[in-house]
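There are 2 protein chains.
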Amino acid sequence: MDLDFDKTGGLIPAVIQDSQSQRVLMVGFMNEEAFRATVASGRVTFFSRSRNKLWTKGESSGHTLVVKRIQTDCDKDCVLVQVEALGPGVCHEGYESCFFRSLDGASWKVSEEKTYDPAKVY
Amino acid sequence: MDLDFDKTGGLIPAVIQDSQSQRVLMVGFMNEEAFRATVASGRVTFFSRSRNKLWTKGESSGHTLVVKRIQTDCDKDCVLVQVEALGPGVCHEGYESCFFRSLDGASWKVSEEKTYDPAKVY
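If you read the protein sequences in the order shown, they are chains W and B. Heads up: the first sequence runs through residues 1 to 122, numbered per the working numbering. Heads up: the second sequence runs through residues 123 to 244, numbered per the working numbering.
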């Protein structure tokens, strides 16, 4: 599992994609420990840059990401994780996907409805 | 178009997804100049960390990525670009997607066939 963690200071982007709908749900970062924890547990685990520690997605919300398949790219400096997303949405702002804004002209517009009330979860 | 380029030293991950098949084709990085060039030209432009300059995908191969939609995430520190990919594949190793390896047990296995001969293109 020889990934190239050195290129970006120990962290590689991890793209999380719904294995059924193929929607991209979120992008986080993993260090080698987070990647190994993801593989070992079958639950997506990131390295939180703001909290400076490992973070298993769903540990507070219950919105866990169950690993279905892991792929890497030609340079082995990024991973694509196909998941089953438990719960109504992965985004802490209440949306199915963190990518809920689309570029419209020169500004970002919210392009979908919330799927849950984050105040009741976080 | 107020993206947060500061969190990762001026560069944000740009996930490239086929707008039709929804396959994730590659992940690159953009600085603000690359992002603006992508929006202005309608062709995906990255910042190459190895060459330290802007790089419009396809400028040597012809395998251009035509922008269909651009989304950003809750933190505005990542973009998801839906594209029409011109040519037989985006990966310089001859595959449709750079994510041609899957984790199989503890090792990466090539999980698909090449779609073109890179020696004839690069």
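C-beta atoms are modelled at their ideal positions from N, C-alpha and C, and glycine is treated no differently.
- As the crow flies, the alpha-carbon of Val166 of chain B is around 11 Å from that of Arg191 of chain B.
- In terms of Cβ geometry, Arg101 of chain W and Lys198 of chain B form a close pair [threshold 9 Å].
- Counting along the chain, no beta strand (DSSP E) covers Arg158 of chain B; the unbroken alpha helix (DSSP H) around it starts and ends at Glu154 to Ser163.
- According to the DSSP assignment, Asp140 of chain B belongs to the beta strand (DSSP E) that extends over Ile134 to Asp140.
- Taken through DSSP and simplified to helix, strand or coil, Ala119 of chain W comes out as helix.
- Listed by position along chain W, the residues whose Cβ is nearer than 7 Å to that of Met148 of chain B are Asp73.
- Contacts with chain W at 9 Å (Cβ-Cβ) do not include Glu235 of chain B.
- Excluding the 5 residues flanking it on each side, Cys220 of chain B has same chain C-beta neighbours closer than 8 Å at Leu147, Met148, Val149, Val212 and Cys213, in chain order.
- The alpha helix (DSSP H) runs lying completely inside the stretch 19 to 104 of chain W and spanning 4 residues or more are 32 to 41, given in chain order.
- Shown here, Ser111 of chain W sits in coil according to DSSP, grouped into three states, outside any helix or strand.
- In the same chain as Thr38 of chain W, and ignoring 5 residues on each side of it, the C-beta atoms closer than 6 Å to its own belong to Val44 and Thr45, in chain order.
- Nearest CB-CB separation between Pro13 of chain W and chain B: below the 9 Å threshold.
- In summary, the residues of the stretch 79 to 106 of chain W whose CB is separated from some CB of chain B by less than 9 Å are Val79, Leu80, Cys91, His92, Glu93, Tyr95, Ser97, Cys98, Phe99, Phe100, Arg101, Ser102, Leu103 and Ala106, in the order they occur in the chain.
- The closest CA to that of Leu176 of chain B, considering only B:Phe127, B:Gly184 and B:Ala156, is found on B:Ala156.
- As the crow flies, the alpha-carbon of Pro210 of chain B is around 46 Å from that of Ala119 of chain W.
- In this structure Leu208 of chain B does not touch Gly227 of chain B by the C-beta definition: roughly 36 Å separates them, more than the 8 Å allowed.
- The beta carbon of Glu112 of chain W lies closer than 6 Å to those of Phe100 in the same chain, with the five residues before and after it left out.
- Each residue's CA atom was taken as its position, placing Arg51 of chain W and Glu59 of chain W some 14 Å apart.
- Taking the CA atoms as reference points, Val83 of chain W sits about 14 Å from Thr56 of chain W.
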